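All remarks here apply to the structure that follows.
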Amino acid sequence: MAEPKIRIRGLYVRYKDGKEALKGVDFDIIKNTVTVAFGPAGGGKSSMVRVLNRLIDIADAEEIRGEILMDGKNLLDEDVNVVELRRRIGVVFSRPIPLPLTVAGNIRFGPEVAGEKDEQKLEEIVEQALKEAVLWDEVYDRLDDPAYSLSGGQQQRLCLARMLALQPEVIVLDEPTSALDPVSTTKIEEFLEKAKERYTILLVPHNQQQAARMADYAGFFLQGRMIEYGTGEQIFLNPKKKETVDYVAGRFG
Amino acid sequence: MEKRSERIVTSTIRIAGSSSILFLMLIFIFLLREGLPTIGEVPLERLAGERWYPIEDLYGILPLISGSLIVTVFSILIALPLGVGTAIYIGEIAPQSVKEVLKPMVEILAGIPSVVLGFIGILVLSPFLRRAFDLATGLTALSGAILLALISIPTIASITEDALYAVPSSYRYAAYALGATQWQTIWGVAIPAARRGILTAVMLGIGRSLGETMAVMMVTGNAPTIFSGLGSFTAPVRTMTATIASEMGEVATGSIHYHVLFFIGILLFIFSLIINITSSTSTERPREEKAQVVS
Amino acid sequence: MNSLFEIGKRRRLVNRNTAQEIGFWGIRLITLFTVLPILGIVVYIVIKGSPAISLEFLTQMPRDGMRAGGILPAITGTFYLMAGTALFSIPLGIAAGIYLAEYATDNAWTRAIRIAIISLAGVPSVVYGLFGLGLFVLFFGFGISILSASLTLSIMTLPVVISTTEEALRSVPYEFRVVGLSLGGTQWQTIRKVILPEAMPGVVTGIILGLERAVGETAPILFTGATFFLPRLPRSPLDATMALPYHIFVISTQVPGMPIQIQYGTVLVLIAFVLGMNLIASIIRSRARARRQW
Numbered sequence: 006m007a008e009p010k011i012r013i014r015g016l017y018v019r020y021k022d023g024k025e026a027l028k029g030v031d032f033d034i035i036k037n038t039v040t041v042a043f044g045p046a047g048g049g050k051s052s053m054v055r056v057l058n059r060l061i062d063i064a065d066a067e068e069i070r071g072e073i074l075m076d077g078k079n080l081l082d083e084d085v086n087v088v089e090l091r092r093r094i095g096v097v098f099s100r101p102i103p104l105p106l107t108v109a110g111n112i113r114f115g116p117e118v119a120g121e122k123d124e125q126k127l128e129e130i131v132e133q134a135l136k137e138a139v140l141w142d143e144v145y146d147r148l149d150d151p152a153y154s155l156s157g158g159q160q161q162r163l164c165l166a167r168m169l170a171l172q173p174e175v176i177v178l179d180e181p182t183s184a185l186d187p188v189s190t191t192k193i194e195e196f197l198e199k200a201k202e203r204y205t206i207l208l209v210p211h212n213q214q215q216a217a218r219m220a221d222y223a224g225f226f227l228q229g230r231m232i233e234y235g236t237g238e239q240i241f242l243n244p245k246k247k248e249t250v251d252y253v254a255g256r257f258g
Numbered sequence: 144m145e146k147r148s149e150r151i152v153t154s155t156i157r158i159a160g161s162s163s164i165l166f167l168m169l170i171f172i173f174l175l176r177e178g179l180p181t182i183g184e185v186p187l188e189r190l191a192g193e194r195w196y197p198i199e200d201l202y203g204i205l206p207l208i209s210g211s212l213i214v215t216v217f218s219i220l221i222a223l224p225l226g227v228g229t230a231i232y233i234g235e236i237a238p239q240s241v242k243e244v245l246k247p248m249v250e251i252l253a254g255i256p257s258v259v260l261g262f263i264g265i266l267v268l269s270p271f272l273r274r275a276f277d278l279a280t281g282l283t284a285l286s287g288a289i290l291l292a293l294i295s296i297p298t299i300a301s302i303t304e305d306a307l308y309a310v311p312s313s314y315r316y317a318a319y320a321l322g323a324t325q326w327q328t329i330w331g332v333a334i335p336a337a338r339r340g341i342l343t344a345v346m347l348g349i350g351r352s353l354g355e356t357m358a359v360m361m362v363t364g365n366a367p368t369i370f371s372g373l374g375s376f377t378a379p380v381r382t383m384t385a386t387i388a389s390e391m392g393e394v395a396t397g398s399i400h401y402h403v404l405f406f407i408g409i410l411l412f413i414f415s416l417i418i419n420i421t422s423s424t425s426t427e428r429p430r431e432e433k434a435q436v437v438s
Numbered sequence: 104m105n106s107l108f109e110i111g112k113r114r115r116l117v118n119r120n121t122a123q124e125i126g127f128w129g130i131r132l133i134t135l136f137t138v139l140p141i142l143g144i145v146v147y148i149v150i151k152g153s154p155a156i157s158l159e160f161l162t163q164m165p166r167d168g169m170r171a172g173g174i175l176p177a178i179t180g181t182f183y184l185m186a187g188t189a190l191f192s193i194p195l196g197i198a199a200g201i202y203l204a205e206y207a208t209d210n211a212w213t214r215a216i217r218i219a220i221i222s223l224a225g226v227p228s229v230v231y232g233l234f235g236l237g238l239f240v241l242f243f244g245f246g247i248s249i250l251s252a253s254l255t256l257s258i259m260t261l262p263v264v265i266s267t268t269e270e271a272l273r274s275v276p277y278e279f280r281v282v283g284l285s286l287g288g289t290q291w292q293t294i295r296k297v298i299l300p301e302a303m304p305g306v307v308t309g310i311i312l313g314l315e316r317a318v319g320e321t322a323p324i325l326f327t328g329a330t331f332f333l334p335r336l337p338r339s340p341l342d343a344t345m346a347l348p349y350h351i352f353v354i355s356t357q358v359p360g361m362p363i364q365i366q367y368g369t370v371l372v373l374i375a376f377v378l379g380m381n382l383i384a385s386i387i388r389s390r391a392r393a394r395r396q397w
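Listed below in structure tokens is the structure:
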């Protein structure tokens, strides 16, 4: 069961302004689990997220080295179909960013640009995605309303749903609940617990408690390096490296 | 299949993006094509002569340049205070309700076609000036200058307003904290900070005035004379633009006259290029300067 | 007991405040000098021109050497020119604006493009007329026609459309592009489905303002398409046409015995046209701002 879906080896990212966000990181994202990357700000976690779906291509990255192996293929290769990749690895950001479309429009966007034209199929996809994101019951009668009319928690689940509509293999969430109230946060965490049966999940948690709650596997990031990696229990109950111990004990944060 | 149509669209967009360079070059090329023969056909001393009388083969363009300059300079003398003053009022002093009426009004002025201003100039302004200053005719440089001022005020006012708006409020608050009145702040802090923008506004206003055709053609009397002291302001003049517009229709294609008119067009083109390029590059630097001052 | 210092201080304060009051009133006066002519001109034209406005005036052909009858050919001519200008400048201008906002990187070529746009915007209208004459009328041989005049006006309108399109696109939050890409959309798909539609009100406003200027211009059409005596309405783009601005110019300067009322009426029609477009643009702008979701 500890089979990695994605193996990251020696990942190095440097931006145009000289900042080295990742200084040679090895990291495994284990299939059908919630793998957590946690640590204080500036650790490089967000950069890692952006490299995974190659969104970093449009950012100010000067140099990217290393390997990201998924199903045997290095995602950093030049001949990778980036558009296709982004459908296989879906990302949810820390702030809900609905597209300025309707609720249904947001969800249809992904399938439509992938080429799906059948109205019937699209409507089914919308319903399925919303149900999976545990949002259907709240918005089924508001599908044609502007997405911005939803509450913050609903918007974030909408962002979840529109990504699920693409049927990704891997779901990456970068502090998905940082802008949400506790109730919405719980809903999303519940979703993740169930979702890992179908998907492989990488979670950058909002705080340490969330990390400890959710992690099946965890890696502690500090200033561009990964200090320690192991199962959730190992890292949070029995950390070995000093920095991990200090962080988990709350001595810095 | 999706990729190919996407590539076509992207290529089209890229080509369209560069089209402005193409058109600018085309304008230059065709102006040169029809205007350069002048150099061969009219000796330079004649071109720089003081008499513009095509019927007698006299193509001295100095009176035309003089006419354009007089009208433009005078119009800026009027438009600068009015434009900047209006911008100060709208930007710094006017209450919100008044602002919401004034800004559309300035936009309306910007939208009035120059031929309409020329029309009013002929029927209303010129007779008025003739009576007021007891002149032989109301079709003078002064009339042209007043109309040009009306035309360039919206440009000057809106750019100045933007420049004033861009002054960081921290500058103003600092002045207020030191006990300055609003008036003192405007003149002591805001305007100096915005001076690059105001300069740009004036330069663009000059550019507009130099390039204006119809309004001046209709009210400046169209007499190609050279500036000869203050009296010239209330005498008829001829601008470069009016010359082209009024004589092109009666000129034989390929004749010397035809080439000279295009040559004047080249001069106008180059003037406007210089004004526009220098004023645009001068707006790029202020931002860094301000940041340094504040920190 | 007020010390001399206190008295002096109060006097200085009073002086500063009076100075401000005087200054403010001076500025108010100056603004009045700007505003009065605007009001005066518009009101005057409305007053003197409305008697001439009637259904016949707007829909009939002129008679008696333009001295009587209607101004239909001038009105339709202006419409044709506006349509022609729109046809050429809108697609090209929007595409160029998209390029600058979404595809161009900051290199020397892009800077050259921007300089070219600024330069095109500053070229005097009569020089555009010369250019149109040289290129379209003579070199391409289109002759003095709606086609030549429209093409000339289009190039003149291009900078406005490009600039406002670029600005409108840039005002759409960057995040939408990131989201679109992360959902598997290509750059163009994201632009087409999300960014451009959101920017549309700004784009449309810019187009209307650009066309508004084109409609009012005389010099570019002087030697490229405008004519005064037209026995019938133009039937093809290669025909010359009458147009409101040129018509106003001729009837106010070159036709003896031209009834003043007709002159003012024609001017009123042009002003109404132009200001009407201005109004539409403003309405679009404020309604878009109200409906914006972000």
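So the protein lines, in turn, are chains Y, E and G.
Just so you know, we're using this note's numbering here: the first sequence kicks off at 6 and counts up by one.
Just so you know, we're using this note's numbering here: the second sequence kicks off at 144 and counts up by one.
Just so you know, we're using this note's numbering here: the third sequence kicks off at 104 and counts up by one.
Yeah, the Cβ is synthetic: ideal placement off N, Cα and C, and Gly gets one too.
Because the structure is a prediction, the values reported are computed rather than measured.
Original post:
Looking at the structure shown, is residue 277 of chain G part of a helix, part of a strand, or coil, going by DSSP?
Top reply: Locating residue 277 of chain G in the third sequence gives position 174, where the first residue counts as 1. Residue 277 of chain G falls in the coil class under three-state DSSP.
> Hey, residue 222 of chain Y and residue 40 of chain Y: beta-carbon distance below 7 Å or not?
Replying inline: Position 217 of the first sequence holds residue 222 of chain Y. Position 35 of the first sequence holds residue 40 of chain Y. For residue 222 of chain Y and residue 40 of chain Y, yes; Cβs fall inside 7 Å.
key: Three-way DSSP call (helix, strand, coil) for residue 252 of chain Y in this model   = As a working mapping, residue 252 of chain Y is identified with position 247 in the first sequence. Helix at residue 252 of chain Y.
Would a check of beta-carbon distances place residue 251 of chain Y closer than 7 Å to chain G? As a first step, residue 251 of chain Y is located in the first sequence; it is residue number 246 there, counting from the start. For residue 251 of chain Y, the answer is no, since every Cβ of chain G falls outside 7 Å of its Cβ.
Using a Cβ-Cβ cut-off of 6 Å (strictly less than) and excluding sequence neighbours within five positions of residue 207 of chain G, which residues of its own chain qualify?
Taking the first residue of the third sequence as position 1, residue 207 of chain G is located at position 104. So the qualifying residues of the chain are 213.
What is the DSSP secondary structure of residue 66 of chain Y, reduced to helix, strand or coil?
-> One-based indexing of the first sequence puts residue 66 of chain Y at position 61. DSSP places residue 66 of chain Y in strand when its eight states are reduced to three.
Quiz item: From the DSSP output, which residues share a beta bridge with residue 33 of chain Y?
Solution: For this step, residue 33 of chain Y is matched to residue 28 along the first sequence. Beta-bridge pairing links residue 33 of chain Y to Y/12.
Exercise. Under a three-way DSSP split, which group does residue 360 of chain G fall into?
Worked result: For the purposes of this step, residue 360 of chain G is identified with residue 257 of the third sequence, where counting begins at 1. Note: residue 360 of chain G maps to coil in three-state DSSP.
With burial defined as no fewer than 16 other Cβ atoms inside 10 Å of the residue's Cβ, what is the status of residue 8 of chain Y: buried or exposed? Position 3 of the first sequence, counting from 1, holds the residue named residue 8 of chain Y. Flag for residue 8 of chain Y reads exposed.
(Q) Mapping the DSSP letters down to three states, classify residue 345 of chain G as helix, strand or coil. (A) Translated into positions along the third sequence, residue 345 of chain G becomes position 242. Looking at residue 345 of chain G - three-state DSSP - the assignment turns out to be coil, as it is neither helix nor strand.
Exercise. Near residue 249 of chain E, which residues of its chain fall below 6 Å by C-beta distance, leaving aside the five closest residues on each side in sequence?
Worked result: Here residue 249 of chain E corresponds to residue number 106 of the second sequence, with the count starting at 1. The residues are 297, 300.
Any idea what DSSP makes of residue 397 of chain G, helix, strand or coil? Counted from its first residue, the third sequence places residue 397 of chain G at position 294. Looking at residue 397 of chain G - three-state DSSP - the assignment turns out to be coil, as it is neither helix nor strand.
Practice task
Could you work out which residue in G/168, G/334, G/187, G/327 is closest to residue 354 of chain G when comparing CA atoms only?
Solution key: On the third sequence, residue 354 of chain G is found 251 positions in, with the first residue counted as 1. Selected option, being the one with the closest Cα: G/168.
(message) Does the structure place the region 251-264 of chain E close enough to the region 284-294 of chain E that three or more beta carbon pairs sit under 8 Å?
(response) yes
Query raised in the report: DSSP three-state call for residue 245 of chain G: helix, strand or coil?
Result: By 1-based counting over the third sequence, the position of residue 245 of chain G is 142. Correct three-state label for residue 245 of chain G: coil.
task: Identify, in the order they occur along the chain, each residue of the same chain with its Cβ nearer than 7 Å to the Cβ of residue 234 of chain E, setting aside the five sequence neighbours on each side.
output: As a first step, residue 234 of chain E is located in the second sequence; it is residue number 91 there, counting from the start. Excluding sequence neighbours, residue 234 of chain E sits near 304, 307, 308.
Review point. The beta strand (DSSP E) with residue 230 of chain Y in it runs from where to where?
Key: The count along the first sequence starts at 1 and reaches residue 230 of chain Y at position 225. Segment 230-236, the beta strand (DSSP E) holding residue 230 of chain Y.
Hey, how far is the Cα of residue 189 of chain E from the Cα of residue 211 of chain E? Here residue 189 of chain E refers to the residue found at position 46 of the second sequence. Here residue 211 of chain E refers to the residue found at position 68 of the second sequence. Taking the straight line joining both Cα atoms gives about 19 Å.
What's the call for residue 334 of chain E, buried or exposed, on a 16-neighbour Cβ count within 10 Å? On the second sequence, residue 334 of chain E is found 191 positions in, with the first residue counted as 1. So residue 334 of chain E counts as buried.
**Prompt:** Quick one: is residue 436 of chain E buried, meaning 16 or more other Cβ sit within 10 Å of its Cβ, or exposed?
**Reply:** Here the question's residue 436 of chain E lines up with position 293 in the second sequence. Per-residue confidence for residue 436 of chain E stands at a pLDDT of 32, beneath the threshold of 50, marking its modelled position as unreliable; the derived number appears in the next sentence. Residue 436 of chain E is exposed by the Cβ-count criterion.
_Listed by chain order, chain E residues near residue 202 of chain G by CB distance under 7 Å_ = Position 99 of the third sequence, counted from the first residue, corresponds to residue 202 of chain G. Neighbours of residue 202 of chain G on chain E, chain order: 156, 157, 159, 160.
Could you tell me which uninterrupted alpha helix (DSSP H) segments, each at least 4 residues in length, are contained entirely in the region 89-153 of chain Y, listed from first to last along the chain?
108-119, 124-137, 141-144
| said: Just list the residues that DSSP pairs residue 179 of chain Y with in beta bridges. | reply: Reading the first sequence from its first residue, position 174 is the one you call residue 179 of chain Y. Note: residue 179 of chain Y sits in a beta bridge opposite Y/209.
- Around the C-beta of residue 168 of chain E, are 16 or more other C-beta atoms found within 10 angstroms, so that it is buried, or is it exposed? Mapped onto the second sequence, residue 168 of chain E falls at position 25. Residue 168 of chain E should be labelled exposed.
Margin query: Between residue 135 of chain Y and chain G, is any beta-carbon pair separated by less than 7 Å?
Written below: The sequence position of residue 135 of chain Y within the first sequence is 130, counting from 1. With 7 Å as the cut-off, residue 135 of chain Y does not count as an interface residue toward chain G.
Practice problem: Report yes or no: is there a C-beta of chain E within less than 7 Å of the C-beta of residue 210 of chain G? | Solution: In the third sequence, the residue the question calls residue 210 of chain G occupies position 107. It does not; no Cβ of chain E falls within 7 Å.
Would the beta-carbon of residue 52 of chain Y fall within 7 Å of that of residue 180 of chain Y? Numbered from 1 along the first sequence, position 47 holds the residue referred to as residue 52 of chain Y. Numbered from 1 along the first sequence, position 175 holds the residue referred to as residue 180 of chain Y. No, the pair does not count as a contact, with Cβ atoms beyond the cut-off.
Does residue 382 of chain G come within less than 7 Å of chain E when only Cβ atoms are used? Within the third sequence, numbered from 1, the residue matching residue 382 of chain G stands at position 279. So, not an interface residue.
query: Would you say the region 399-407 of chain E touches the region 366-375 of chain E, given that touching needs at least three Cβ pairs under 8 Å?
result: no
(Q) For the pair the region 40-49 of chain Y and the region 240-258 of chain Y, tell me if three or more CB-CB distances fall below 8 Å. (A) yes
Is there at least one Cβ from chain E nearer than 7 Å to residue 291 of chain G's Cβ? Residue numbering aside, residue 291 of chain G sits at position 188 when the third sequence is read from its first letter. Yes, its Cβ sits closer than 7 Å to a Cβ of chain E.
Excluding five sequence neighbours on each side, which residues of the same chain lie with their C-beta closer than 6 Å to the C-beta of residue 441 of chain E?
Given that chain E is displayed from residue 144 to residue 438, the structure contains no residue 441 of chain E and the question cannot be resolved.
field: Residue from Y/32, Y/16, Y/33 with nearest C-alpha to residue 26 of chain Y
entry: On the first sequence, residue 26 of chain Y is found 21 positions in, with the first residue counted as 1. Per the Cα distances, Y/16.
Original post:
Short check: CB of residue 319 of chain G to CB of residue 377 of chain G, under 7 Å?
Top reply: Working through the third sequence from its first residue, we reach residue 319 of chain G at position 216. Working through the third sequence from its first residue, we reach residue 377 of chain G at position 274. Yes, the pair counts as a contact, with Cβ atoms nearer than the cut-off.
Own chain residues within Cβ distance below 7 Å of residue 364 of chain G, not counting five before or after: The residue you call residue 364 of chain G lines up with position 261 of the third sequence. Result list for residue 364 of chain G: 154, 155, in chain order.
*Do we get a CB-CB distance below 7 Å when we pair residue 301 of chain G with the residues of chain Y?*
As a working note, residue 301 of chain G is residue 198 in the third sequence. Yes, contact with chain Y.
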